[in-house]
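Here is the structure we will look at.
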Amino acid sequence: MKALYSLYPDQGAAQEAVDLLRVAGVSDRDIIIRSGEPLDDCELGQRDAGTWLPWITTAGGVVGLGVGTWLPRATAASWPILTGGIPAASWWPNLIIMFELTMLGAILATAAALIVSAGLITGSTAIHEPALAEGWILVGVMTSEPSARVENVLDPAGAGRIRTVN
Amino acid sequence: MIDDLLQPVLRTSWRFVVLILVLGAIVAAGAGAWLYQVYYGIGMAGIRWPVFWAFYVTNFVFWIGISHAGTLVSAILRLVNARWRRPVTRCAEAITVFALMIGALFPIIHLGRPWLFFWLVPYPSERMIWPNFQSPLVWDFFAINTYLTGSVLFLLLPLIPDFALLRDRTAGMRQKIYTALALGWRGTPKQWRRLESAMTIMAVVILPVAVSVHTIVSFDFSMAPVPMWHSTIFGPYFVAGAIFSGIAALILVMAALRKALHLQAFLLPLHFDNLGKLLLMMSLLWAYFVFAERLTTWYGNDPSELAVFWATQRGTYAPLYWTMVACNLVIPVCLLSISRLRTITGCAIASVSVLIGMWIERFLIIVPALGHKYLPYSWGTYRPQPVEVVITVSTFAAMVLLYALFSKIAPVISVWELRAGERTR
Numbered sequence: 009m010k011a012l013y014s015l016y017p018d019q020g021a022a023q024e025a026v027d028l029l030r031v032a033g034v035s036d037r038d039i040i041i042r043s044g045e046p047l048d049d050c051e052l053g054q055r056d057a058g059t060w061l062p063w064i065t066t067a068g069g070v071v072g073l074g075v076g077t078w079l080p081r082a083t084a085a086s087w088p089i090l091t092g093g094i095p096a097a098s099w100w101p102n103l104i105i106m107f108e109l110t111m112l113g114a115i116l117a118t119a120a121a122l123i124v125s126a127g128l129i130t131g132s133t134a135i136h137e138p139a140l141a142e143g144w145i146l147v148g149v150m151t152s153e154p155s156a157r158v159e160n161v162l163d164p165a166g167a168g169r170i171r172t173v174n
Numbered sequence: 198m199i200d201d202l203l204q205p206v207l208r209t210s211w212r213f214v215v216l217i218l219v220l221g222a223i224v225a226a227g228a229g230a231w232l233y234q235v236y237y238g239i240g241m242a243g244i245r246w247p248v249f250w251a252f253y254v255t256n257f258v259f260w261i262g263i264s265h266a267g268t269l270v271s272a273i274l275r276l277v278n279a280r281w282r283r284p285v286t287r288c289a290e291a292i293t294v295f296a297l298m299i300g301a302l303f304p305i306i307h308l309g310r311p312w313l314f315f316w317l318v319p320y321p322s323e324r325m326i327w328p329n330f331q332s333p334l335v336w337d338f339f340a341i342n343t344y345l346t347g348s349v350l351f352l353l354l355p356l357i358p359d360f361a362l363l364r365d366r367t368a369g370m371r372q373k374i375y376t377a378l379a380l381g382w383r384g385t386p387k388q389w390r391r392l393e394s395a396m397t398i399m400a401v402v403i404l405p406v407a408v409s410v411h412t413i414v415s416f417d418f419s420m421a422p423v424p425m426w427h428s429t430i431f432g433p434y435f436v437a438g439a440i441f442s443g444i445a446a447l448i449l450v451m452a453a454l455r456k457a458l459h460l461q462a463f464l465l466p467l468h469f470d471n472l473g474k475l476l477l478m479m480s481l482l483w484a485y486f487v488f489a490e491r492l493t494t495w496y497g498n499d500p501s502e503l504a505v506f507w508a509t510q511r512g513t514y515a516p517l518y519w520t521m522v523a524c525n526l527v528i529p530v531c532l533l534s535i536s537r538l539r540t541i542t543g544c545a546i547a548s549v550s551v552l553i554g555m556w557i558e559r560f561l562i563i564v565p566a567l568g569h570k571y572l573p574y575s576w577g578t579y580r581p582q583p584v585e586v587v588i589t590v591s592t593f594a595a596m597v598l599l600y601a602l603f604s605k606i607a608p609v610i611s612v613w614e615l616r617a618g619e620r621t622r
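Residue numbers (the numbering used here), protein chains in the order written: chain P, 9 to 174; chain E, 198 to 622.
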């Protein structure tokens with residue numbers, strides 16, 4: 009599989025290139041977009057906008073709450089202390105432990121969900137384009153055979169810098 | 198722009214090496230003082246009956262307070278989408294992480310047998326020790342660890358794109374390290390969306406944690422029936438004081454970074470002006486809390502509370518008390534309420550004053566109260582010993598050292614956030 013790409017100076021030009029690629033029959037899944045900053049000003053940045061992240065955070069919080077509820081009570085119950093029938097665990101101070109562990113669960117779940125859902129660690133970094141740091145936006149296509157049609161689409165809208173990466 | 202921001206990371210001057218050596222020597226002196234205390238016993242510190250909490254707990258509360266600079270200020274500015282926040286947030290978030298790391302050391306430094314520090318960890322009872330979940334010190338353990346975990350992630354997540362930037366601009370071993378730190382960041386729209394969503398969620402989650410941490414630190418005091426500690430105002434009073442000292446630390450760090458790393462084009466007078474106004478507001482809020490606390494104590498006319506009250510107002514601790522008032526109220530208000538004086542230098546001077554004042558405030562909360570408990574037979578005094586002074590000074594050096602080393606690993610201003618801000622301007 010090869011990547012054929014060109015660099016564009018701004019979000020408008022990159023959006024135009026993507027639109028032309030779509031017209032040329034390239035599916036969204038095969039279009040590669042890379043940038044050195046968020047693309048908030050165009051439709052490109054809205055790709056994959058839907059996310060489960062808030063729900064995963066909530067689920068992490070619920071798990072943390074469960075642990076925070078269980079830990080002080082189970083610890084108190086596991087200790088053979090004689091309290092004369094008085095409860096060994098107390099809700100008021102336990103609320104603090106429950107709150108902190110709820111938040112810890114939510115924080116860890118958010119970080120883990122980001123790493124997994126954004127394809128960090130596992131994703132390929134085959135395309136290293138230092139020009140992204142200068143503000144250029146990369147638009148390309150994953151292809152098994154470099155096609156003149158795709159090159160024609162990428163070239164006129166871009167900076168005239170078509171590159172191929174294996 | 199990018200070169201200016203990455204220059205401190207990629208180039209090392211001899212001045213930097215000298216700074217690291219000097220700071221490292223001071224930190225080593227602190228470590229040596231601590232080892233001396235461990236070897237000869239906790240009696241080497243000035244901690245004597247009835248004042249068992251002194252410099253170390255003062256430092257603990259002070260540094261936890263400083264940690265509120267970062268995450269809290271950064272999270273609020275992110276959530277309200279303040280445009281001027283972009284050069285400020287990372288400076289602030291780094292303060293939080295380093296201040297928490299230093300603050301969290303003090304419960305261990307304060308232990309007579311620090312090698313048994315794991316006894317503080319409240320895991321179930323196999324060690325035949327009762328882990329008391331009703332103890333505020335155990336609450337501290339959970340609160341500080343949650344806050345530290347959250348703050349580290351809050352700092353690291355937006356660093357990933359900048360690590361990727363450094364990965365693409367370095368070679369050799371450095372590139373390998375940055376490749377690992379960048380976690381395979383490619384800059385796809387999906388990754389940007391997820392990162393921005395995660396940062397918004399983290400900002401929402403971290404805010405109540407930040408408030409809870411200093412409230413729980415205040416519970417270390419207010420849960421105890423000690424004169425002038427057992428007060429319902431302590432939670433918000435401590436949180437306000439923490440934000441106050443945190444903003445002062447942030448201004449000071451920004452002023453130092455601006456000068457040392459030549460960041461004049463990024464850390465503008467506007468940033469100091471805005472933070473100066475925040476500091477002024479917190480100064481007035483702090484004064485309001487002090488007045489409310491003091492008036493209630495005086496009006497209540499309880500003999501045990503008044504003993505502490507008068508010891509600080511006109512007794513042994515009065516010079517410290519009035520220095521605190523001058524540092525936390527008089528100087529900042531004079532400097533920051535007049536726009537002509539609210540310059541970078543003015544803000545930095547006010548911040549130094551506030552940091553001194555807030556350290557004294559922590560000391561005055563702890564020591565006079567412990568020295569004047571209910572029965573006069575148990576009254577006592579406290580004199581700090583050299584070992585405590587050296588350890589205290591070394592923690593300030595440790596803060597600067599950690600920050601200096603951080604500036605060699607990552608840009609202290611978020612490159613991608615700054616660039617996104619430039620575009621939307």
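Quick reminder that beta carbons are idealized off the backbone N, C-alpha and C, glycines included. Since the model is a prediction, treat every value here as computed from it, not as a measurement.
- Bounds of any beta strand (DSSP E) do not take in A595 of chain E; it lies within the alpha helix (DSSP H) bounded by 583-606.
- Annotation note: the region 360-415 of chain E contains the following uninterrupted alpha helix (DSSP H) runs of length 4 or greater, listed N- to C-terminal: 369-378.
- Around the C-beta of V124 of chain P, fewer than 16 other C-beta atoms lie within 10 Å, and the residue is accordingly described as exposed.
- V402 of chain E and I115 of chain P have their C-alpha atoms roughly 7 Å apart.
- Between V530 of chain E and Q234 of chain E, the CB-CB gap reaches or exceeds 8 Å.
- Here DSSP, grouped into helix, strand and coil, assigns I263 of chain E to helix.
- The CB of N102 of chain P comes closer than 7 Å to the CB of F330 in chain E, given here in chain order.
- When E:G227, E:D359, E:A452 are compared, the shortest CA-CA separation from A141 of chain P is found for E:D359.
- Taken through DSSP and simplified to helix, strand or coil, I104 of chain P comes out as helix.
- Spatial neighbours of D337 of chain E in its own chain (CB-CB distance under 8 Å, excluding positions within 5 residues in sequence) are listed in chain order as P304, I413, V414, D417.
- Look at G74 of chain P: its C-beta is not under 8 Å from any C-beta on chain E.
- Taken atom to atom, the span from the alpha-carbon of R383 of chain E to that of I273 of chain E is near 28 Å.
- Secondary structure note for G148 of chain P: its beta strand (DSSP E) is the uninterrupted segment 145-151.
- Inter-residue distance for P328 of chain E and L561 of chain E is about 31 Å (C-alpha atoms, whole angstroms).
- One thing to note: G74 of chain P has its Cβ no nearer than 8 Å to the Cβ of M111 of chain P.
- For a Cβ distance threshold of 7 Å, nothing in chain E lies close to R37 of chain P: the least Cβ distance comes to about 12 Å.
- With respect to A301 of chain E, L345 of chain E sits close: the two C-beta atoms are nearer than 8 Å.
- Shown here for R280 of chain E: same chain residues with a beta carbon closer than 7 Å to its own, the five before and five after excluded, namely G618 in chain order.
- For T209 of chain E, there are no C-beta contacts with chain P under 9 Å, since the nearest C-beta of that chain is about 21 Å from it.
- Nearest to G369 of chain E by alpha-carbon distance, out of E:L207, E:Y253, E:W483, is E:L207.
- Here the region 450-462 of chain E does not lie against the region 561-579 of chain E, with fewer than 3 beta-carbon pairs under 8 Å apart.
- Per DSSP, K474 of chain E has no beta bridge partner at all.
- Taking a C-beta distance under 8 Å as the contact criterion, S271 of chain E and T286 of chain E qualify as a contact pair.
- Interface flag for S98 of chain P against chain E is set, since a Cβ pair is found closer than 8 Å.
- Look at V248 of chain E here: in three-state DSSP terms it is strand.
- In this structure K373 of chain E is exposed. Its beta-carbon is surrounded by fewer than 16 other beta-carbon atoms within 10 angstroms.
- Where K10 of chain P is concerned, the enclosing beta strand (DSSP E) starts and stops at 10-16.
- DSSP lists no bridge partner for R287 of chain E.
- Proximity of P284 of chain E to chain P, defined by a Cβ-Cβ separation below 8 Å, is not satisfied.
- The region 426-438 of chain E makes no contact with the region 569-582 of chain E; the number of CB pairs closer than 8 Å stays below 3.
- By the rule that beta-carbons nearer than 8 Å mark a contact, M150 of chain P does not touch chain E.
- In this structure, L47 of chain P and P386 of chain E form a Cβ contact; the two beta carbons are roughly 6 Å apart against a cut-off of 8 Å.
- For A489 of chain E, not one C-beta of chain P is nearer than 8 Å to its own C-beta.
- At least 8 Å separates the beta-carbon of I41 of chain P from that of V149 of chain P.
- Interface annotation, G44 of chain P: in contact with chain E, CB-CB separation under 8 Å.
- Within the region 107-127 of chain P, those residues whose Cβ lies closer than 8 Å to any Cβ of chain E are, in chain order, F107, E108, L109, M111, L112, A114, I115, L116, T118, A119, A121, L122, I123, S125, A126, G127.
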